[in-house]
Amino acid sequence: MHLGVCYYPEHWPRQKWESDARRMAELGITRVRIAEFAWSRMEPSPGRYDWAWLDEAVDTLARHGLKIIIGTPTASPPKWLVDQHPEILPVAHDGRVWQFGSRRHYDVSSPIYREHCARIVGDMVRRYGAHPAVIAWQTDNELGCHNTLPSYSKAALQRFKHWLEARYESVDALNEAWGNVFWSMEYRRFDDIELPMQTPTDANPAHVLDFRRFQSDEVASFHALQAELIREHAPGRDLLHNFMGFFTQFDHYAFAQSGLDVAAWDSYPVPRTEVLPLAEADKHRWARTGHPDVSAFSHDLYRGVGNGRMWVMEQQAGPVNWAPWNPAPLPGMVRLWTWEAFAHGAELVSYFRWRQYPRAQEQMHSGLNAPDDALSPGGREVARVGEELRALALPSDAPRTRAPVALLFDYEADWITQIQPHGADFDYQQHVFEWYGALRRLGLDVDILSARADVSGYALVVAPTLPVLPASVVEQAARGNGHWLFGPRTGSKTEAYSIPPELPPGQLQTILPVRIGQAESLRPSLRPAVSFDGVEGWATRWRDHAEPGPGAEVLARFEDGVPALVRRGRVSMAAACFDRAMLQAVVARSVRDAGLAAHALPEGLRLRTRGALRFAINYGDAAQPVPAPPGATFVLGGPTIGAADVAAWIER
Amino acid sequence: MHLGVCYYPEHWPRQKWESDARRMAELGITRVRIAEFAWSRMEPSPGRYDWAWLDEAVDTLARHGLKIIIGTPTASPPKWLVDQHPEILPVAHDGRVWQFGSRRHYDVSSPIYREHCARIVGDMVRRYGAHPAVIAWQTDNELGCHNTLPSYSKAALQRFKHWLEARYESVDALNEAWGNVFWSMEYRRFDDIELPMQTPTDANPAHVLDFRRFQSDEVASFHALQAELIREHAPGRDLLHNFMGFFTQFDHYAFAQSGLDVAAWDSYPVPRTEVLPLAEADKHRWARTGHPDVSAFSHDLYRGVGNGRMWVMEQQAGPVNWAPWNPAPLPGMVRLWTWEAFAHGAELVSYFRWRQYPRAQEQMHSGLNAPDDALSPGGREVARVGEELRALALPSDAPRTRAPVALLFDYEADWITQIQPHGADFDYQQHVFEWYGALRRLGLDVDILSARADVSGYALVVAPTLPVLPASVVEQAARGNGHWLFGPRTGSKTEAYSIPPELPPGQLQTILPVRIGQAESLRPSLRPAVSFDGVEGWATRWRDHAEPGPGAEVLARFEDGVPALVRRGRVSMAAACFDRAMLQAVVARSVRDAGLAAHALPEGLRLRTRGALRFAINYGDAAQPVPAPPGATFVLGGPTIGAADVAAWIER
Amino acid sequence: MHLGVCYYPEHWPRQKWESDARRMAELGITRVRIAEFAWSRMEPSPGRYDWAWLDEAVDTLARHGLKIIIGTPTASPPKWLVDQHPEILPVAHDGRVWQFGSRRHYDVSSPIYREHCARIVGDMVRRYGAHPAVIAWQTDNELGCHNTLPSYSKAALQRFKHWLEARYESVDALNEAWGNVFWSMEYRRFDDIELPMQTPTDANPAHVLDFRRFQSDEVASFHALQAELIREHAPGRDLLHNFMGFFTQFDHYAFAQSGLDVAAWDSYPVPRTEVLPLAEADKHRWARTGHPDVSAFSHDLYRGVGNGRMWVMEQQAGPVNWAPWNPAPLPGMVRLWTWEAFAHGAELVSYFRWRQYPRAQEQMHSGLNAPDDALSPGGREVARVGEELRALALPSDAPRTRAPVALLFDYEADWITQIQPHGADFDYQQHVFEWYGALRRLGLDVDILSARADVSGYALVVAPTLPVLPASVVEQAARGNGHWLFGPRTGSKTEAYSIPPELPPGQLQTILPVRIGQAESLRPSLRPAVSFDGVEGWATRWRDHAEPGPGAEVLARFEDGVPALVRRGRVSMAAACFDRAMLQAVVARSVRDAGLAAHALPEGLRLRTRGALRFAINYGDAAQPVPAPPGATFVLGGPTIGAADVAAWIER
């Protein structure tokens, strides 16, 4: 378990670097990320490089025993490059070109920009790849941030045509797959195809889905170009990208295949809670702590993306600047978030940033130090974590233990339901997040995995929804021993964005014989009632009208007779979205069926196991008894934990 | 009374056509609409036609005794035509060009596009015009749908200048009419005039109104071009367009003059209720049935547009895809809507569509059959209607009986109040709809007519508002025997979009001497109280401050003394918008004055007479006694009707 | 005290001019503003002038003893000028060009347009500058109205580069000041700089702030160009611009330096109340009167801008057309607003407009006369004021008496908090308005002054917030005798839009030793509680976390221990935004500390002194006793005033 920090030496006078490095080490920090966004300092004019300052920064940090993660600066091309090649600028959905003056002003499909990226990254990695203190490389920064993905540029169009040609081979096959006979949308050759933009009404969803797949592949190949150079010239170093939690513009599982050792992610629990589509009451309740599942969800997701290896590259350490409102976190939360990350398997928690920069866009984003060099409240909490870590001396790598429950997450599912939400408030991430929360409130550890993952060995596999149902899921559900719980909209689409010929839930019918004759979205006021396991609840947002076939057991029905929950053997399907209590009851039933022990936790309390350690994390605003077995040995805290506090004990 | 269906043979393999036709006939369907949107199949490449498939489709349907309505495919020009002539694409208000990839991507003013439309329609009608099974022709599809009207293209500007020159003859006359001296907006010649777009603040309302009139004329002449070809080559066939309910981008009464035998319209009660500006409580209450007046309103309107002949070309038959939320209709509603349409005089109710197409934009729009060919819930209700119709054997044509009440509807009134709503929530259609509902809740049949119609013989004429008051209205009100009830904003504008010199209500003052000294719009919280006929109500949205002249009787005053309802003889004016109860009281007074018998109906119940038959239609959620006379002979249902059910009896 | 009116003779037939002038004089009107917007009549074609009509209009008015204010017509360039030079059109933030067809369709930075303005204004002022009846000149109209400021044109970019070069001298200094090293935003030369538009995420706030400063300077120099010509050819005449209340696109204090004798402003209390970001309950409560502080605030502000001389150039005289809802003012309000303006020092109250123009954009904007020439309700109230003024015969110029309290207003503070509000609902004007209201509800007269003003002699100086704290403020607070109350965010930024090195409140720390370690914005539901002076209140929107240094007294703390109000000696700082009651308590404490007598007024009652006269103004809806001393001599009204009424007495 390492502490780290994001540091921008180029923002500060050189005379500060030495004391900064010393104070980092004193605080217990061992890892420092540098260099991202510094292109204009590495190459102030075309072809004129200045590495001296970076050499000195690297050496200064190294002298204090700090290990370095170098970020490539490709998220912010300098002005001279934009002036030389304005065609590298990205294009918005309405055809307008995004301009220089902030960041991410580049088109991921631009061949010219890719050339320049390869050049600067190649130069960097040849210079620092073998430096003993440089232990890892990060490509770019938060790919998918802001509005520049997808880019509707000429370059994107050209590459999209080739991508389509490679996928479909003949334009007839494409017309057939997309159903272009509808509304005379047929193309005569690949070259006739355009980007799905500025159409009077919705573009063909199959067109849009393929465009999003293409863009996802573009992001991966943009990363791969840098990854190959890093692999070549920085052998043995960790390769990573810092993903942003809850960003789904590209498929992270596919991206990870393009070269990645660690899934690093940027964790901002308070603003994330403000901007997620949560209920207003939840946004209020967790305004100073972040929602108790919001960090855990991304930890569990990125642990899967990183094939077990997960870092927090940027950890919120105080008030930030980018949400509609930016309150100060409750005292204790920076320490809590840190321990929570470790509990979920993080190898590193790195704070953003060393010192608040008093100028430019992020001047209201706090760091471990105020601009006047005094430790911020968050910085003081980090000092405490540093001491605790020193006292504990735990191993950095998390044991690769498997959780009892796997939850299947699918990036395409998000795109598909964005393209045709059908109900205005259907949000894939919110939906999955609710299901995840239901499991977590039962005290269960969860692994979030790709819908294509091997899930053998899990007692329970939960798929909140999988519009496109991979054959491997049906096969595993058919032959394994685990229990499965599927949600609504499952199997509702083919790979080509059409309704499957056998109707939803598609091939799931081979093991759970139900036919979804029709489906409906529900305005918030429309709440078909259902009673189950003593809970009086209702459907919300979506309802599949399931017609059970032979052997399908209807466990619950809505008041109008429509089935709410159907099951055959180990496989169940919830045919609607539910209110919180009913969803909890439905999930609890599958947990029980799977023979798992569940603890219904009080509000705000969460549990998580890392190796031999079991952690209790208290997001609530009152002290709570810890559900540790009698006689447990505590290594953090004790049998009662206060608000914004954590405890850990050795589980027998 | 015929049942019909919309069918797209080009979506399905040929081997299905035969069984589709057979099953249609079995269901009681006698009419099939085909061919709209199929341009890319009729002319796959420029000048290369393929009629074989359509020949076969027509013959297959005909073989099963089905009569065919052919739609022209001009709502979706194929890609090759767009590539040859990108200038046919329409232009949005912000100057951006709408692109290929959905539908309606054409500029109604484009001379090139009109040429190509004449060519393809000419070819079609010469081929199928004399086919004995082809009994009707529909032009284009839902003109005005999506955002392509008005189009701000160069072609539109050119034709607008000529339209203005024809209307005003001299630019001085135009400057005077528009009041262009205001803000130095004067033009020196017609050629200087631009489209009313992208002005820093509001464009001149007279400029905008003339542009909307011009666009309305353009739509009519676009239709006329096709209508003339159809008249020439398909003599004796019905000519129609399928209007969309609640679309007002062009003047349907004027359009009907450009060549129309039947006003067909597309009826989607559930999504329409969701998107109309109704109160949230109403949207919730009628979420699964549609508002009880929403279909009836369009039936009564289009019966007037079609000069007595009205079809439902597309009838919702299950959940659709295009509203913010798309719930399943309550069981029984598809049958109810069908009988309701017949009760209001429809000759044909044609469902959209035969079978749900599992691909492309409308894949979540249900049909009579699911994609797997099983009848949908709606399809099963249609089967029942088919049996009922067979049993009843009623004539197809509705008797041309006149309702006791005429309600005047005016498309320009909608444009005028959109251009300067003055109050943010003033919506012409909502306003008229409320007045219509007040009449309907009293059990009255209503004819909705053009403000220029001859209304002699009506006991009561209601004009919810007529900003521009036609001279013919004043004349008829002055000399007839009927009673008249006018609403607020009446006579508030001249034809040239200015305040009339005598102030509102303009020439109405000659028969009802009031002067509207000032008018005000009211924020929702501002509710001037008024008491009338035992009802305590309030004004909402709008209040005219009427100053009564000699002979004008003030029937009700607001608490601050402003008159609410004034009358002289047979002519009354409600000088404000009211809450529902007060509006009901005001309308009921005029109904009483006119000597009409009113039945205050329970919530959700509606009545309607067709010839000798009287129908009761129950949108409510409980069984209700039918207000039939004792001993009435029921031909449908009986003296009590359940929820979502209908009854019909022979009225003595 | 003069009454005036805005008159557009070009809108009306010449035969009306004579009677219009006569009726104006009869009504008590002595001042008439004409000619603004009439460019197309003065110069109907390029270089072809027509002055005859204007000569006649001026002479007609003069014949009736009316004095004339001429407005230059540069707010509405004629079509021929736009056609000759389309590059004079302004450019929106998204790069689209605003078009002809309304008004303000010009780019303030266009050198060509400036040339044409100089030409037409030069011609006008040479013709009428010496006319004895023409006593004042107004430039343009409501600069900053609509969306044309800032303009993102090529001309603006060119001039902005020069402006920056003049300000920073070297591009390195600019890079350093803006912090352009952040995100590699560095420029290599001034010519590389672009306008802050269409960036994927926020542009650099320092870049945006300088652009807004530049635009403010552009507006001032645009005015100065005309001002110089007027000074030269119309010596001794008053020079003015009609500002719009609550417009802050440019710095009015700086603008006044570019040539101004009188600050005239346009007062529309009812629509202004509707569009200000007030609480919904307040909008409702004052929907027909305007908020009781909304006119007073601008009176007190513009009196400062005009260095003591303030006119109301356009006074609302009935319902208007431009708010979302436009109710009729409560009877009595037009008279009330007039007397209120005089009470606050206005020399002239001029109504908009003489007669409602029945055509074009503003046809629903009432005037003193209806289009049929009958006096409107507002017109009848003006007649009463005319009689009252005749009876009183008070001097036109307001005595230059100083209020006991100065409130510091800063245009840059508005820009700074707009550029980075940090909390979505932080609105500078709303914030200042709340503080102003707290003072006014205590019965205090207030002078609103520039943050750079000399405030010696004021008992209390209130700065609701001053992100950039001028050195002069700190100096005056340090050495004077007055008491000071600062609000949150004070001293939070440097001139270059960065956090000051010593942290907020910057140099204020030299007299009030507190360090704002961190600041937070609060979602509306987040309300940290605080108790003070018997009031239980809470923070809203913003909270500074103040760390008090030696000698700083903490007068109130939030429940979590964060200080709410700190003081040392005569200087206090409120470290948060508060709910109304708590803000009142905090302000009352400083008023008490400053030794000022406060009267807590009942809702809707306000007081104001003009020379020897003290006015009571009743916005409330019930009669109230006037807080006049026993035996006071009333010159208007008496010891009790009704709703929408005023009283005035001679204060002993």
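Residue numbers (my numbering), protein chains in the order written: chain A, 12 to 663; chain B, 12 to 663; chain C, 12 to 663. Even glycine gets a Cβ: it sits at the ideal position worked out from N, Cα and C.
Item	Value
Same chain, Cβ closer than 7 angstroms to A:K294, five either side skipped, listed in chain order	T284 and E285
C:D421 versus C:D438 - alpha carbon distance	13 angstroms
For C:N186, the three-state DSSP class (helix, strand or coil)	helix
Between the CA atoms of B:Y264 and B:P650 - distance to the nearest angstrom	39 angstroms
Contacts that C:E21 makes with chain B (C-beta to C-beta distance below 8 angstroms)	V192
Members of the stretch 514-548 of chain C that neighbour chain A once the beta carbon cut-off is set at 9 angstroms	L514, R526, G528, Q529, A530, E531, S532, L533, R534, P535, S536 and L537
Whole-angstrom C-beta distance between A:D221 and A:L175, which should lie under 8 angstroms	7 angstroms
Whether A:P539 touches A:R526 by CB criterion (8 angstroms)	no
Per DSSP, cross-strand counterpart(s) of C:D249	C:A147
Distance between beta carbons of A:P478 and A:I522, contact taken as under 8 angstroms	Contact flag wrong, Cβ pair sits at about 18 angstroms.
Exposure label - C:L476; buried when at least 16 CB within 10 Å	Correcting the residue type first, residue 476 of chain C is Thr in the shown sequence and not Leu. Buried.
Sheet register partners of C:D656 (DSSP bridge)	C:N629
Neighbourhood of B:R138 by C-beta distance below 7 angstroms, restricted to the same chain and skipping five residues each side	W62
Minimum Cβ-Cβ distance from C:E205 to chain A less than 8 angstroms	yes
For A:A267, the three-state DSSP class (helix, strand or coil)	helix
Reduced DSSP category for A:W350 - H, G, I as helix; E, B as strand; rest coil	helix
Where C:Y362 meets chain B, residues with beta-carbon distance less than 7 angstroms	Correct list: empty, because the minimum Cβ distance to chain B is about 15 angstroms.
Proximal residues to B:I661 (C-beta, below 6 angstroms), its chain only, five neighbours per side dropped	A623 and T644
CB of C:A462 within 8 angstroms of CB of C:P432, strictly	no
Interface flag, A:E197 vs chain B, CB-CB below 8 angstroms	yes
Cross-strand partners of B:R550 (DSSP beta bridge)	Checking the sequence, you will find Ala at residue 550 of chain B rather than Arg. B:F589.
First through last residue of the alpha helix (DSSP H) which encompasses B:K504	Note, B:K504: premise wrong, no alpha helix (DSSP H); not H, not E.
Where C:A381 meets chain B, residues with beta-carbon distance less than 8 angstroms	L514, G528 and Q529
Between the CA atoms of B:L450 and B:V416 - distance to the nearest angstrom	9 angstroms
Nonlocal neighbours in the same chain, by C-beta distance under 6 angstroms from A:V108, ignoring five residues either side	L100 and V102
Chain-ordered neighbours of C:K165 on chain B, where CB pairs are closer than 8 angstroms	What C:K165 touches in chain B: nothing, since even the nearest Cβ is about 18 angstroms away.
Backbone secondary structure at A:P282 - three-state DSSP	helix
Neighbourhood of C:Y598 by C-beta distance below 8 angstroms, restricted to the same chain and skipping five residues each side	For the sequence presented, residue 598 of chain C should be read as Val rather than Tyr. W446, A449, L450, L453, V473 and L496.
First through last residue of the alpha helix (DSSP H) which encompasses B:S232	P216 to H244
Nearest to A:G491 (by Cα), restricted to the options A:T505, A:P499, A:D465 and A:P516	A:D465
Interface partners of A:D213 on chain B, CB under 7 angstroms	S113 and Q372
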